[in-house]
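Using numbering that gives the first Met the number 0, the first residue of the sequence shown is number 0, and each one after it goes up by one. Virtual Cβ for every residue (Gly too), placed ideally from N, Cα, C.
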Amino acid sequence: MTPKSTAKSVEAAGAPLPSSSLLPTLGRIYQELTTRTYLRWKLPGSACLALRYLHVRPDGAEPGVMAATARVPRQTMTSIVDNLEKRGLAKRRPHAHDRRRIIVVLSAKGRRLAQEIVDDFLAVETAALAGLKASQVDRLRGLLTGFADGLAELKQS
Numbered sequence: 000m001t002p003k004s005t006a007k008s009v010e011a012a013g014a015p016l017p018s019s020s021l022l023p024t025l026g027r028i029y030q031e032l033t034t035r036t037y038l039r040w041k042l043p044g045s046a047c048l049a050l051r052y053l054h055v056r057p058d059g060a061e062p063g064v065m066a067a068t069a070r071v072p073r074q075t076m077t078s079i080v081d082n083l084e085k086r087g088l089a090k091r092r093p094h095a096h097d098r099r100r101i102i103v104v105l106s107a108k109g110r111r112l113a114q115e116i117v118d119d120f121l122a123v124e125t126a127a128l129a130g131l132k133a134s135q136v137d138r139l140r141g142l143l144t145g146f147a148d149g150l151a152e153l154k155q156s
């Protein structure tokens, strides 16, 4: 689907967007990445994101912190962690200093899968960017960073 057809399909659905909107393009990027990487493992995108989050935190994380980072309700994160546990990908451990709290850590199987997901994501990203010059990739990274920073500033005000 081309960006123009994406924009037209959004408009046809009764939600017209100005041609300057980034939403169709951002939605298409997200859809392409989830289709090509996340669905490969028969896991919901939220579970893959939780695996990636825990992958860079070998000491684990509290579900509430994970929920806040993913911008989902705590109850949703509880379901995500339940799903990961049922698949043998994560474990709940008691918090070191507060027995009312828990820490979620990846199991050995979860660490292997998380690494595979990260490696695949990076391969897809590299392949998708292969048609661009290094200077274009640098510019794109800078523009996206500026956009993300702008969004972060909005949520704080």
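CB contact flag (residue i, residue j, <7 Å)
i, j, result
"V123", "R27", "no"
"I164", "H94", "In the structure displayed, the chain extends from 0 to 156; residue 164 sits before or after that span and is not available."
"R100", "E152", "no"
"L25", "L16", "no"
"A66", "R56", "no"
"H54", "A113", "yes"
"G130", "S106", "no"
Buried or exposed (CB count within 10 angstroms, at least 16 for buried), residue i
i, result
"G63", "exposed"
"Y37", "buried"
"A89", "buried"
"G59", "buried"
"A49", "buried"
"L133", "Correcting the residue type first, residue 133 is Ala in the shown sequence and not Leu. Exposed, because fewer than 16 other Cβ atoms sit within 10 Å of the Cβ of A133."
"L143", "exposed"
Euclidean distance between Cα positions of residue i and residue j
i, j, result
"R91", "K108", "15 Å"
"A127", "L83", "29 Å"
"I116", "V71", "21 Å"
"L139", "V80", "34 Å"
"F120", "R98", "36 Å"
"T110", "S18", "Looking at the sequence provided, one finds Arg at residue 110 rather than Thr. Near 42 Å, if we compare the C-alpha coordinates of S18 and R110."
"L42", "Q30", "15 Å"
"G145", "G44", "25 Å"
"D137", "G149", "18 Å"
"V104", "L32", "25 Å"
"A46", "K85", "12 Å"
"S78", "D118", "26 Å"
Problem set entry | Contained beta strand (DSSP E) runs [length at least 3] in the stretch 75-133, N- to C-terminal order | 89-93 and 101-105
Exercise. Whole beta strand (DSSP E) runs in the stretch 45-80 with 3 or more residues, listed along the chain?
Worked result: none
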